[in-house]
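Numbering (my numbering), first residue to last: 42 to 182. Ideal placement from N, C-alpha and C gives every residue a C-beta, glycine not left out. Everything numeric in this text was worked out from a predicted model, so none of it was measured. Read the structure below first, then the notes.
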């Protein structure tokens, strides 16, 4: 069954699952960055890219959407790069344990790092003013 043949309720369910998985991916990447750099920053060779959850969500999802991926395909990708085994592993030694943090597989970390690396290269090549002008033009379409 293709996504076009789905009922409105099924499309809403896929959209909700997609959104939840994307939030977990963004949170997991933020936790990864903070564990390495003590702040949510991607270290690019030309300078730091400061990130927050909405910026990661918007950047990753628009990147995949612009490449022609459907909501269901994007959801499948986000689920694929989340490390559910690490998230479900029992942690020992805590007095109180109220849950695990979302975690990415190495493949997911490498993919997101590559996306931000390409973004930094593009901004460096175009220059900040030209990149912002291009983003504003894209936003009006």
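Let me check understanding here. Comparing Cα to Cα, which of 162, 167 and 145 lies closest to residue 62?
145
If distances are taken between C-alpha atoms only, which option among 150, 164 and 60 comes closest to residue 11?
One cannot answer for residue 11 here, as it falls past the ends of the chain, which runs 42 to 182.
Rounded to whole angstroms, how far is the Cβ of residue 64 from the Cβ of residue 116, which I believe are closer than 8 angstroms?
Not quite, the Cβ-Cβ distance comes to about 12 angstroms (not below 8 angstroms), so this is no contact.
Just the Cα atoms here: how many angstroms apart are residue 93 and residue 68?
9 angstroms
Within 8 angstroms, do at least three Cβ pairs link the stretch 98–115 to the stretch 81–89?
no
Where do the N-terminal and C-terminal ends of the alpha helix (DSSP H) with residue 98 fall, by residue?
94–107
Considering only their Cβ atoms, is the gap separating residue 142 from residue 163 smaller than 9 angstroms?
no
Just to confirm before moving on: does the CB-CB distance between residue 66 and residue 137 stay below 9 angstroms?
no
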